[in-house]
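The block underneath contains the structure these notes are about, expressed in structure tokens.
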Amino acid sequence: MEDPLSTPSTVDVTVSSSKLGSVDRDKLILDHVPLLKHIVGRLFFDVPGSLDRDDLFGYGMMGLISAADAWDASRGLAFSTFAYPRIRGAILDELRRMDFLPRGRREKVRAVDKVIEKLEQESRSKPTPEEIAEELGWSVGEVDEVFVTASTAIHTSIDQDRGADGVGGGLASMLLDPRSDDPVGSAEFEEMKGLLVGAIAALPTQEKTVITLYYAEELLLREIAEVLEVTESRVSQIHSRAIYRLNRTLLGNEEEEDAGNAGGSAKSQSHIRQQRMKHG
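Per full-length UniProt numbering, residue 1 is the first one in the sequence shown, and the count goes up by one each step.
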């Protein structure tokens with residue numbers, strides 16, 4: 001699939017000096033509004049209904065402006081590549097700053113967590129939303145609402161944490177986004193990649209398909225809906241479930257690692273947690 005950063009609508013402005021004048025800076029920003037719109041479009045379906053696309057556009061514009069101010073053309077890095085994680089990060093920073101989970105919703109998330117853990121122990125398999133609903137005495141729609149609520153918080157967390165420089169798109173982005181400039185040869189990166197790939201492979205088929213099409217193939221929500229022959233809202237639900245399951249699986253791996261190293265060094269016990277915070 002064509003990389004949106006190389007489309008004709010996104011133009012990299014080349015300047016002879018690392019310092020941009022006000023005219024060049026403004027042109028750089030305007031030329032990359034299509035990139036901003038692309039990022040907003042990919043994030044929009046995963047935010048609460050209290051926000052609209054214009055809100056995300058405003059948050060992202062601050063990131064685009066910041067990128068234009070910080071970009072050094074003499075380093076040879078295309079502006080679109082430099083700006084992408086900063087625009088995305090500015091949006092996710094703002095989403096993280098807001099608390100979308102009132103106490104009542106948090107209690108529902110905890111209730112679902114407990115039931116999933118119980119059913120997994122009983123059957124050694126991942127419970128379906130229908131099984132979770134039956135155990136709780138809820139409707140399937142109520143369970144799906146919890147998945148959406150929880151995945152919003154989870155997604156803005158696991159997909160946003162960045163290193164000391166404030167850049168780097170988070171776990172899913174780092175591993176699945178070809179634009180990532182993280183040190184792919186590092187042992188830490190390969191370890192995290194192995195965990196995530198394994199977690200994705202363990203997803204139910206439909207959820208795995210949505211995650212692959214959305215992150216690896218970069219299909220839009222409506223395009224995934226066409227492939228699966230379902231509605232966009234259904235794809236959003238499937239994505240929410242997948243993010244929720246990935247988070248549980250990754251945390252479970254972390255806890256197993258810590259338990260297996262009980263009595264060992266504290267550094268070894270917290271290794272995965274530290275790498276997750278470092279790389280997203």
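Where is the CB? At the ideal position from N, CA and C, for every residue including glycine. All figures in this text were calculated on a predicted structure; none of them were measured in a lab.
Please determine, among the options, the residue with the shortest C-alpha to C-alpha distance to residue i.
i: LEU56; options: LEU43, ALA67, SER66; result: LEU43
i: MET62; options: ASP26, ILE87, ARG25; result: ILE87
i: THR81; options: LEU250, LEU35, ILE224; result: LEU35
i: LEU195; options: LEU250, ALA225, GLU226; result: LEU250
i: ARG27; options: ASP69, ILE211, PRO127, GLY89; result: Contrary to the premise, residue 27 reads as Lys rather than Arg in this sequence. The shortest Cα separation from LYS27 among ASP69, ILE211, PRO127, GLY89 belongs to ASP69.
i: ASP52; options: LEU95, VAL148, TYR214; result: LEU95
i: ARG106; options: GLU122, VAL148, SER236; result: VAL148
i: VAL38; options: GLY137, GLU229, PRO85; result: Residue identity differs from the one stated: residue 38 is His in this sequence, not Val. The candidate whose alpha carbon is nearest that of HIS38 is PRO85.
i: ILE238; options: VAL210, GLU218, GLU217; result: VAL210
i: GLY60; options: GLY76, ARG75, ALA73, VAL40; result: VAL40
i: GLU131; options: VAL115, VAL146, ARG124; result: VAL115
i: residue 305; options: ASP54, GLY58, ASP72; result: Residue 305 lies beyond the residue range present for the chain, which begins at 1 and ends at 280; the question has no answer from this structure.
i: ILE65; options: GLU232, LEU92, PHE79; result: PHE79
Anyone know if the C-beta pair for residue i and residue j falls short of 9 Å?
i: ASP113; j: ARG241; result: no
i: ALA83; j: HIS32; result: yes
i: ALA133; j: GLU120; result: no
i: LEU219; j: VAL227; result: yes
Helix or strand or just coil, what does DSSP make of residue i?
i: PRO204; result: coil
i: ARG124; result: coil
i: SER139; result: coil
i: ALA111; result: helix
i: LEU64; result: helix
i: ASP24; result: helix
i: ASP72; result: coil
i: ALA83; result: helix
i: LEU51; result: coil
i: LEU77; result: coil
i: HIS32; result: coil
Please decide whether residue i counts as near chain D, where near means a Cβ-Cβ distance under 9 Å.
i: LEU219; result: Within the model displayed, chain D is absent; a lone protein chain is all it includes.
Ignoring anything shorter than 4 residues, give me the alpha helix (DSSP H) runs that lie fully in the UniProt domain "RNA polymerase sigma-70 region 4" (199-246), in order along the chain. 205-211, 221-228
How about the region 227-246 and the region 199-219: do they share at least three Cβ pairs that are nearer than 8 Å? yes
Cβ pair count under 8 Å reaching 3, the region 108-127 against the region 218-232: no
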